[in-house]
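Sequential numbering from 0 applies to the sequence shown in numbering that gives the first Met the number 0. C-beta atoms are modelled at their ideal positions from N, C-alpha and C, and glycine is treated no differently. Report on the following structure.
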Amino acid sequence: MPSCISCSKRTAPGEKTVKFQCPSCGNVSILRCERCRLFGRAYTCPGCGFKGP
């Protein structure tokens, strides 16, 4: 099961998540849970070190 890059929580199928490519390098898929998106929790791309929400 995939996990949220911000909180490391495993996500179940059907759970509200978003998956996108890193806006900086485009080489890494970023997966975030609904809760981390809602609260604007930070994430760091493991490929290039880009920090966002």
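The alpha helix (DSSP H) runs of length 4 or more contained entirely in the segment 3 to 51 are, from start to end of the chain, 33 to 38.
Sequence-distant Cβ neighbours of R9 in its own chain, meaning closer than 6 Å and more than five residues away, are M0 and S2. Rounded to whole angstroms, P12 and R34 show a C-alpha spacing of 16 Å.
If you draw a straight line from the Cα of G48 to the Cα of K15, it is about 25 Å long.
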